[in-house]
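In this note's numbering, the protein residues as written are 1130 to 1493.
These notes are about the structure you will find just below.
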């Protein structure tokens, strides 16, 4: 079902690297938010500007999957799952087990009972970044459905999915009746467990951005021409949507008196401005990396980041935990300077670990 004639795209690899930096920023930002009086502009940089980082992974994952697919040919579902699960499911399970054992020693969290262990694995609860892989695995499992949808897609259907996505995300994120219903369920209810962790497994939150990547990949020739001919529009869309998201964040704080943490938890990637920002950022970074060269050194750095992005994504909570331990021993408060230092040290240590792994062929 592949079409091997299409060339390799550096933009996908480069976006992986940029997204990895954004994911690390979000997790450093959550530590910085523990400061009772954080610098709001740094919070915005860590937690708002980087909000495209998780959903854009679904965009490029779909683009990569559909870029070389021949939709007219039969789909080898079994072979597809075998290859995808080897690349994603196996690392997910191994790293989940690693974090359960590590956190037992580091935090004294204990080894979970078999029933709770299954819950941890099913919902990606072993570490705060692993839920992304659970959602990605669900996208893989449902691949025949996505292929059928893309084959039958029309402009009207795509517009309908766009508006339904906004409505569903608003319902899931903000509907107080849903929250009250979930809270009213018995603690041992399976339904409560699935609804409480819905952001960790329910692909409906990211269907549009995944299908956008798929459809643009299938129509890659037209997409590349569009990017080449409409750079100003793409740049303006990125700037406008980012301004909208940042404006909402500051509005929540300065006009509605939200705490920084509450504002971050409201102006997230599933909010309407966050959703539009994700779409604009996906196309913007694709256009940027496909149509511009940044010189040999920067291109090499972007390639290096992209190459090691998956390992860094899996590994980066480790340096965060130990650096915070060191900061605590040194009585370093989480001010702006130390948050920035924590961010760069986390990225550098993670990249060094990735290079060490590659050199000695560990975990491969």
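Glycine included, each C-beta is placed from N, C-alpha and C at the ideal position.
As the structure is a computational prediction, the values presented were derived from the model and not from experiment.
DSSP three-state assignment for residue i, whether helix, strand or coil
| i | result |
| --- | --- |
| residue 1198 | strand |
| residue 1212 | helix |
| residue 1160 | helix |
| residue 1416 | helix |
| residue 1399 | coil |
| residue 1441 | helix |
| residue 1351 | helix |
| residue 1205 | coil |
| residue 1088 | One cannot answer for residue 1088 here, as it falls past the ends of the chain, which runs 1130 to 1493. |
| residue 1237 | coil |
| residue 1242 | coil |
| residue 1484 | helix |
| residue 1330 | coil |
| residue 1135 | coil |
| residue 1255 | coil |
| residue 1388 | coil |
| residue 1359 | coil |
Neighbour-count burial assignment, residue i, 16 or more Cβ in a 10 Å radius
| i | result |
| --- | --- |
| residue 1142 | buried |
| residue 1397 | buried |
| residue 1315 | exposed |
| residue 1208 | exposed |
| residue 1402 | buried |
| residue 1149 | buried |
| residue 1219 | exposed |
| residue 1454 | exposed |
| residue 1195 | buried |
| residue 1160 | buried |
| residue 1236 | exposed |
| residue 1490 | exposed |
| residue 1170 | exposed |
| residue 1306 | exposed |
| residue 1425 | exposed |
| residue 1223 | exposed |
| residue 1312 | exposed |
C-beta contact flag for residue i and residue j at 8 Å
| i | j | result |
| --- | --- | --- |
| residue 1172 | residue 1389 | yes |
| residue 1444 | residue 1144 | no |
| residue 1531 | residue 1295 | In the structure displayed, the chain extends from 1130 to 1493; residue 1531 sits before or after that span and is not available. |
| residue 1363 | residue 1421 | no |
| residue 1565 | residue 1182 | With the chain covering 1130 to 1493 only, the question about residue 1565 has no answer from this structure. |
| residue 1104 | residue 1283 | With the chain covering 1130 to 1493 only, the question about residue 1104 has no answer from this structure. |
| residue 1302 | residue 1376 | no |
| residue 1232 | residue 1225 | no |
| residue 1192 | residue 1345 | yes |
| residue 1343 | residue 1279 | yes |
| residue 1471 | residue 1459 | no |
| residue 1153 | residue 1475 | yes |
| residue 1392 | residue 1374 | no |
| residue 1155 | residue 1468 | no |
| residue 1206 | residue 1163 | no |
| residue 1411 | residue 1185 | yes |
| residue 1418 | residue 1139 | yes |
| residue 1409 | residue 1370 | yes |
| residue 1328 | residue 1269 | no |
CB contact below 8 Å: residue i versus chain D
| i | result |
| --- | --- |
| residue 1308 | Although the question refers to chain D, the structure presented lacks it and comprises just one protein chain. |
Which whole runs of the alpha helix (DSSP H) in the region 1257–1325 are 4 residues long or more, in chain order? 1260–1270, 1272–1280, 1284–1303, 1305–1313 and 1319–1325
Alpha helix (DSSP H) segments (min. 4 residues) lying fully within the region 1421–1475: Secondary structure remark: continuous alpha helix (DSSP H) runs of at least 4 residues inside the region 1421–1475, in chain order: 1425–1436, 1438–1444 and 1446–1458.
Ranges of the beta strand (DSSP E) found wholly within the region 1164–1193, counting only runs of at least 3: none
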